[in-house]
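First residue of the sequence shown: 1, per the working numbering; consecutive thereafter.
The beta-carbon is built from N, C-alpha and C at its ideal position, and this holds for glycine as well.
Some notes on the structure that comes next.
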Amino acid sequence: LNSVGMQQTVANLYPPPDGKVVSIATLIQEMKAWAKQNPTFVQATSGWIIGNGYDDTQLQEKTHPTATDLDQISTAQPVLILHQSGHLASVNHKALELLGINEKSSNPSGGVIRRVVGTNIPNGVLEESVVIEAMLQAFKTVPPEMMQQMALTEVQTYMKNGYTTVQEGRADRGTSELWRSLANQNKLAIDVVSYPDISSEQAYMLEKGVSKNYVNHFRIGGVKISLDGSPQGKTAWLTEPYVVPPEGKDRNYRGYPAFPEQKTVQHMIDLAFRQHWPILAHANGDAAIDQYLNVIANAQKKYDASQRRDVIIHAQTMREDQLDRAKQLHLIPSFFSLHTYYWGDWHVAQTLGEKRAEHISPTGSALRKGMIFTEHHDAPVIPPKSMMVLDATVNRTTRTGKVLGEAQKVSPYIALKTMTDWAAYQYFEEDIKGTLSTGKYGDFVILSDNPITIDPSKIKDIKVLATYKQGQLVYQR
């Protein structure tokens with residue numbers, strides 16, 4: 001959630017249909033124009049020129065911009081551009097200098113500093129944990145009042161798209177307390193649920209704990225853990241190799257885990273079970289999903305799990321046997337079917353190959369197995385366009401118009417359930433949300449067309465006309 005406000009503040013580097021960047025040249029143009037138009041924000045970041053949303057798969061060059069490319073924007077000021085996946089970034093040489101990254105730098109745990117081929121010289125492309133460090137450096141001097149305004153901008157965006165409950169995933173202490181502060185000022189019109197990062201915020205969670213009840217539209221709902229990267233960025237941890245490995249990697253490259261030692265993950269999951277913290281686990285690759293299933297199974301042998309509803313976030317490459325095991329463990333997959341549109345063609349050609357790509361976000365299989373599952377958009381990876389989520393869950397159409405995984409399609413009615421009553425169940429809120437019935441909140445939207453009866457190919461064109469929170473109008477088109 002918090003990153004959506006960031007995305008709307010920094011330079012928009014999305015490719016069409018969400019932006020204009022189609023090449024490294026147009027990216028440089030957008031960054032230069034943004035820097036000229038936003039001197040106040042650049043000053044607030046102590047000179048950092050920041051952009052978000054570039055996608056190497058949609059650039060004409062089909063590669064990541066390097067430090068040398070970004071030096072065309074500035075050599076005197078640090079430049080940072082965040083990949084659309086959020087798992088990679090590129091920086092210029094000034095930023096590398098400020099980050100202390102050079103030929104002698106080794107890859108940190110859970111991250112990679114990409115190098116000029118055949119050398120140890122950083123090329124400006126960063127992966128995973130190194131990206132987080134770069135983002136923290138770039139935003140460390142932004143004043144609290146500016147961060148609060150960005151947050152309120154995010155809320156407006158979500159209401160415009162029909163959302164009445166939103167999530168702050170993998171939050172740090174500062175972000176959670178920012179939302180608590182806005183709640184205490186009565187500035188939140190919809191519900192915000194924070195899930196702090198269990199790998200870095202255990203002390204904070206032990207101090208604050210979780211709550212089932214909102215205070216002025218805010219609560220902490222559980223914890224989040226990230227176990228790998230993204231398939232489109234080729235950092236998700238797979239059991240079988242990528243079709244085309246990243247530059248400098250051999251043909252057996254399968255991505256990598258965020259935590260190579262399972263005992264490290266087990267310790268965190270056991271803590272969450274002991275403290276009764278609901279868990280959201282980011283796991284894109286099937287090797288990461290295996291790791292999560294294993295630690296959950298171990299924890300369930302030691303602790304009472306009868307009241308738990310732990311979640312696998314993304315579950316992109318979830319195999320049939322993993323769905324069966326997840327059902328036995330009473331886990332809820334939260335799928336990312338919008339990948340079929342944004343990166344479906346890329347997955348076929350570059351990352352997974354046709355067979356695995358057709359099984360990405362296997363909603364049809366989960367439904368046939370009688371599982372409850374949900375859908376999401378992972379903004380700002382993809383803008384929070386609710387009707388696009390619905391469309392992808394129903395149609396699974398790629399950018400080139402190919403249906404990716406006919407057997408994994410579900411009906412519009414089921415797709416709606418993944419965003420309403422099943423989502424409420426995931427949040428332990430089915431008694432107050434998810435359906436319109438006596439005694440529940442009046443959380444609902446008015447749409448321009450009925451998604452159940454309209455031609456499925458036109459679902460993506462449906463407009464949100466109004467959003468109501470607890471019976472009160474909070475957005476009108």
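Rounded to whole angstroms, the gap between the alpha carbons of Pro451 and Ile414 is 11 Å.
With fewer than 16 other Cβ atoms inside 10 Å of its own Cβ, Val215 counts as exposed. Judged by DSSP in its simplified three-state form, Asp461 adopts helix. Within the stretch 236-305, the complete alpha helix (DSSP H) segments of 4 residues or longer fall at 262-275 and 286-302, listed in chain order. Note that the stretch 408-424 touches the stretch 348-367; at least 3 beta-carbon pairs, one per stretch, sit closer than 8 Å. For Trp277 and Tyr292, the gap between their C-alpha atoms comes out near 16 Å. The three-state secondary structure of Asn123, taken from DSSP, is strand. Within the same chain, Ser23 and Ile24 come within 8 Å of Glu61 by CB-CB distance, once the 5 residues on both sides are set aside. Residue pairing for Thr467: DSSP places it in a beta bridge opposite Val445 and Tyr475. Judged by DSSP in its simplified three-state form, Ile313 adopts strand. Contact check for Thr397 and Tyr341: beta-carbon distance about 6 Å, within the 8 Å limit, so the pair qualifies. Shown here, Arg173 sits in a helix according to DSSP, grouped into three states.
Ser176 and Ile132 have their alpha carbons spaced roughly 17 Å apart.
Going by DSSP, Ala89 is part of no alpha helix (DSSP H) but of the beta strand (DSSP E) stretching over Leu88 to Val91. Taken through DSSP and simplified to helix, strand or coil, Thr165 comes out as strand. The alpha-carbon of Thr317 is positioned some 14 Å away from that of Asp324. Assignment of Thr66 by DSSP, reduced to helix, strand and coil, places it in the coil class. Taking a C-beta distance under 9 Å as the contact criterion, Glu128 and His87 qualify as a contact pair. Looking at the backbone, the Cα of Leu82 and that of Ala89 are separated by about 4 Å. In this structure Asp228 is in contact with Trp237, their Cβ atoms being roughly 4 Å apart against a cut-off of 8 Å. Arg219 places its beta carbon 9 Å or farther from that of Val243. For Val91, the closest alpha carbon among the candidates Gly118, Gln137 and Leu59 is that of Gln137.
Per DSSP, the continuous beta strand (DSSP E) segment holding Pro196 begins and ends at Asp191 to Pro196.
Where His83 is concerned, the enclosing beta strand (DSSP E) starts and stops at Val79 to His83. Judged by pairs of C-beta atoms under 8 Å, the stretch 151-169 touches the stretch 456-468, as three or more such pairs exist.
If you draw a straight line from the Cα of Leu447 to the Cα of Met150, it comes to about 27 Å. Three or more beta-carbon pairs separated by less than 8 Å link the stretch 181-188 to the stretch 199-216, which places the two stretches in contact. Taking Asn294 as the centre and dropping the five residues before and after it, the same chain places the C-beta of Gln262 closer than 7 Å to its C-beta, in chain order. Excluding residues up to 5 positions away in sequence, Gln84, Ser85 and Gly86 lie with their Cβ nearer than 7 Å to the Cβ of Val381 in the same chain. Taking Ala424 as reference, the option from Ala44, Glu375 and Val112 with the minimal CA-CA separation is Glu375.
Cβ-Cβ separation between Ser306 and Ala392: approximately 34 Å, too far for a contact (criterion under 8 Å).
Across the set Ser230, Gly110, Asn52 and Asp310, the C-alpha of Gly110 shows the shortest separation from the C-alpha of Ser199. With a threshold of 16 other beta carbon atoms within 10 Å, Thr119 falls short and is exposed. Take the alpha-carbon of Gln77 and the one of Gly51: they are about 14 Å apart. For Asn184, the three-state secondary structure derived from DSSP is helix. Per DSSP, the continuous alpha helix (DSSP H) segment holding Ser365 begins and ends at Thr363 to Arg368.
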